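Converting from the sequence shown to the working numbering requires adding 91 to each position, the first position being numbered 1.
Note that beta-carbon positions come from the ideal geometry of N, C-alpha and C, so glycine has one too.
Note that the structure is predicted; figures quoted are calculated from it, not measured.
Taking it in order: structure first as C-alpha cells, then the write-up.
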Amino acid sequence: MSTTKRARFSPRRKALLAFFALLLAGLGYLHFTGAAGTSGISNKDMDWNGDGNVTEQEIMQAFYAVVVEKQTEGRRECRSYSWRSDGSSIRVDCRTTVAPEATPAK
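If you want it as C-alpha cells, here you go:
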C-alpha cells in the first residue's frame, strides 16, 4: 500500500469549481446591476425592436444591454426597460396586483 496522500480535488475538479464560481459571480453582478434577463422577464417579452419577432440576439441583449427599473405605487407595479449604454427608454410595463397594500414601516 502506498502512503502518499491523494489531492483532495483533482485539477479538473478545481477548474470546474472555478468555472462555476465565476459563473455565479457573473450572474450576481448582472442581477445587482439590473439586467433584464435576470429580472424574471419571459422570452416572448424580449422583443426590444418591436418587430413582433424575438431573436436570439434580442434574448442575449436582455443580459448585457437592457436594464430594468422596478417602481411600486400602492397596488401598481411598473417596470421600465431601457438601454444600458445611453439610458433611452424601450418601454414601460405596468400591472395592478390584487395583493393588499403594504403598510409603511414604523
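- Under the three-pair Cβ rule at 8 angstroms, the segment 100-115 does not count as touching the segment 151-165.
- Given a length threshold of 3 residues, each whole run of the beta strand (DSSP E) inside the segment 124-176 is given here in chain order: 157-164 and 167-174.
- For residue 183, the enclosing beta strand (DSSP E) covers residues 180-187.
- Taking residue 168 as reference, the option from 186, 141 and 115 with the minimal CA-CA separation is 186.
- Put simply, the backbone Cα of residue 182 is about 6 angstroms away from that of residue 171.
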